[in-house]
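K.L.:
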Amino acid sequence: GSKDGTREILAELDGKDGVRVILHEKNQGKGAAVRTGLQNAKGDVLLIQDADLEYDPREYPALLKPIEENLADVVYGSRFLGAPHRAILFWNMVANKLLTLMTNILYNNILTDMETGYKVFRREIVQDMKLRANRFDFEPEFTAKILKRNVRLYEVPISFNPREYSEGKKIGLRDAFEAVWALLKYRFVD
């Protein structure tokens, strides 16, 4: 969906330094992009990084550390554990807190940031996982399925530089309702 020349830049990077670029013909949404990435990933440890750089790639070592030290199978970067960050839009924060609370109630867990886009995990954790989400409902679907597997989940504080809607942020009210539905649905099926 990007109209800023991203495809052209990626075409130049394809094949250099082990980079493999995989593109969809048309924008199918975040969930579809992540699913395609997971299906094609080769590493033992996988990291999801949103391309808009709201999350800082310099924090990879902190995200990888709990897995490297065998403390976790899955690591979530939490925007709410005290790392410095730019102010978050109020209603986005409220929606995130409510969705995280709902996740904790439904799945008997204590997360601080279910909707984080920063996730690191051992490949074998997701190898046989059936993911269906095409949009932003990827986050609750993935979290629900991870929590149902009783894996060792760890959160680390991350910094966050959220975009404004004027800068291209796309998540909205529809996505909040889809997240609620995904959390309820995957609690009882799949």
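Per this note's numbering: the sequence shown ends with 190, consecutive numbering throughout.
Glycine included, every Cβ here is placed at the ideal spot set by N, Cα and C.
Assuming Tyr55 contacts Phe160 under a Cβ cut-off of 8 Å, what Cβ separation, rounded to an integer in Å, is found between them?
P.N.:
About 7 Å; that satisfies the 8 Å criterion.
K.L.:
Suppose you measure from the CA of Arg7 to the CA of Ile158; what does that come to, to the nearest Å?
P.N.:
Each residue's alpha carbon lies about 28 Å from the other.
K.L.:
Rounded to a whole number of angstroms, what is the C-alpha to C-alpha distance between Pro162 and Ile88?
P.N.:
Using only the alpha carbons, I get a separation of about 6 Å.
K.L.:
For the beta strand (DSSP E) that contains Lys201, what are its first and last residues?
P.N.:
Past the boundaries of the shown model lies residue 201; the chain is included only from 1 to 190, so the question cannot be answered.
K.L.:
With the cut-off set at 9 Å, would you say Phe121 and Val74 are in Cβ contact?
P.N.:
Yes, these two residues count as a Cβ contact at 9 Å.
K.L.:
Once you ignore the five residues that flank Leu64 on each side, which residues in its own chain have a CB closer than 8 Å to its CB?
P.N.:
Only Val45, Leu47, Val75 and Val120 meet the Cβ criterion.
K.L.:
Spatial neighbours of Asn96 within its chain, please: CB distance less than 6 Å, with the 5 preceding and 5 following residues excluded, ordered by chain position.
P.N.:
The answer, listed in chain order, is Glu115.
K.L.:
Between which two residues does the beta strand (DSSP E) holding Leu75 run?
P.N.:
First, the amino acid is wrong: residue 75 is Val here, not Leu. Note, Val75: beta strand (DSSP E), Val74 to Ser78.
K.L.:
Assuming the contact rule is C-beta atoms closer than 8 Å, Lys145 and Tyr118 should be a hit. Round their C-beta distance to whole Å, please.
P.N.:
Lys145 to Tyr118, Cβ: 18 Å. No contact.
K.L.:
May I ask which residues mark the beginning and end of the alpha helix (DSSP H) holding Pro61?
P.N.:
Run containing Pro61: Tyr60 to Glu68, per the alpha helix (DSSP H) assignment.
K.L.:
Once the 5 residues before and after Pro140 are set aside, which same chain residues still bring their CB inside 6 Å of it?
P.N.:
Only Ala179, Ala182 and Leu183 meet the Cβ criterion.
K.L.:
To the nearest angstrom, how far is it from the Cα of Glu155 to the Cα of Leu81?
P.N.:
Their backbone Cα atoms lie some 8 Å apart in a straight line.
K.L.:
Using only alpha-carbon positions, find the residue among Val19, Lys3 and Glu68 that is nearest to Asp52.
P.N.:
Cα-wise, what sits closest to Asp52 is Lys3.
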